[in-house]
Amino acid sequence: MHKELIVIKVGTNVMTNKDNRIVRPVLRRLVEQIAELYERDILTILVSSGSVIAGKEVLGNSTIENDTQRRQVYSAIGQPRMMRLYYNIFHDFGMKCAQVLPTKRDFSPGVHRQNMINCCEGLLSEGVIPIANEDDAVSVTMSMFSDNDELASLIAQLMNADKLIILTDIDGLYTGHPNADDSDLIPHVGPEDDFEKYIKDSNKAAGEGRGGMGSKLDYAQQAAAKSIPTFIANGKKDRTIIDIIDGKDVGTRVAIEKQEA
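According to the working numbering, the sequence shown is numbered sequentially starting from 513.
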């Protein structure tokens, strides 16, 4: 039996460089940490972005004018590429991974929801790491997740995870712009705290990910309200996940009370 189940969400901005190219060593460091946790009987569900940017790397700039259709095409091309990358890296660490492509209906009460739980539980029982990403290629606008932060939060709640870790390219929630000298990292946020005044969502180009810090905090608070401590932290740093699991002060912790482990 496993000791803990954690959900890790890795955003597009964690795995890409300034030229929007996927950086394989970042994925390798991520998988290395998941493998280390597995040796400690801590199981992971990975929610990974990247399919759109991976498709864009292959196709280049698309001539499709409709934003949703262009995203679908990039995602359909990029998703198997992302899985091949993950498959090969997990294989290097003696592990197996599997693709899970949920849509919103999989979280509505009923047969789809139970099927989703059964799928994840079955994979985890076999020591296989489920890698979830929204099925952009088939999702229609009404049934789309707002972004993978929402998907990660829903999976954490669905599977009664012990922790949710949202990895981004900054250290957490700040009182101002992360690069400003007078801006401080906010170490702890409660589920009901209002930090709207600190949030500045940036405009992102196609493929760069839909979720800004506002959405991360929103979905982190939703998970925290269900007694799932959630962490927003920097995935570009070496051992962020291990440090969080080891109880070090890393990133912004979103939880009901500060003392909660």
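C-beta: ideal position from N, C-alpha, C; glycine also. Please read these numbers as outputs of a predicted model, since none were measured by experiment.
Three-state secondary structure (DSSP) of ALA644: In the displayed model, ALA644 falls within a strand according to three-state DSSP.
Neighbour-count burial assignment, LYS760, 16 or more Cβ in a 10 Å radius: Counting Cβ neighbours within 10 Å, LYS760 comes out exposed, since fewer than 16 surround it.
For SER563: DSSP bridge partner residues: According to DSSP, SER563 bridges with nothing at all.
Start-to-end residues for the beta strand (DSSP E) that takes in ARG617: No beta strand (DSSP E) holds ARG617; DSSP gives it neither H nor E.
Given LEU663 as reference, the closest of ASP696, PHE707, LYS728 once Cα atoms are compared: Taking only the C-alpha atoms, the option nearest LEU663 is LYS728.
Pairwise C-alpha distance: GLU551 and LEU636: Looking at the two C-alpha atoms, the distance is approximately 14 Å.
Sheet register partners of GLU516 (DSSP bridge): Beta-bridge pairing links GLU516 to ILE554.
Classification of VAL623 by the beta-carbon crowding that lies within 10 angstroms, buried from 16 upward: VAL623 should be labelled exposed.
Distance between SER563 and ILE749 (C-alpha atoms, nearest Å): Inspection of the sequence shows that residue 749 is occupied by Lys rather than by Ile. Cα to Cα, LYS749 sits roughly 22 Å from SER563.
Check whether PRO592 and VAL612 have beta carbons under 8 Å apart: Taking 8 Å as the Cβ cut-off, PRO592 and VAL612 do not qualify as a contacting pair.
Sufficient close CB pairs (3 or more, under 8 Å) joining the segment 529–546 to the segment 590–610: Contact holds: three or more Cβ-Cβ distances are below 8 Å.
Residue range of the unbroken alpha helix (DSSP H) whose run includes LEU679: No alpha helix (DSSP H) contains LEU679, which is instead part of the beta strand (DSSP E) from 675–680.
LEU697 - partner residues in DSSP beta bridges: In DSSP, LEU697 forms a bridge with TYR686.
Beta-carbon gap between VAL522 and SER561 smaller than 8 Å: The Cβ-Cβ distance between VAL522 and SER561 falls below 8 Å.
Unbroken alpha helix (DSSP H) run spanning VAL623, endpoints: Residues 623–637.
The segment 692–705 touching the segment 616–631, judged by at least three CB pairs closer than 8 Å: Not touching, per the Cβ criterion.
C-alpha gap between LEU666 and GLN734, whole angstroms: Those two C-alpha atoms are separated by around 9 Å.
Endpoints, beta strand (DSSP E) assigned at VAL766: Run containing VAL766: 764–766, per the beta strand (DSSP E) assignment.
Whole-angstrom distance between VAL538 and THR524, CA atom to CA atom: Straight-line spacing of the CA atoms in THR524 and VAL538 works out to 11 Å.
Inter-residue Cα distance where the pair is ASN660 and PRO614: Rounded to the nearest angstrom, the two C-alpha atoms are 11 Å apart.
Residues that ASN746 bridges to, as DSSP identifies them: Here ASN746 is bridged, per DSSP, to THR680.
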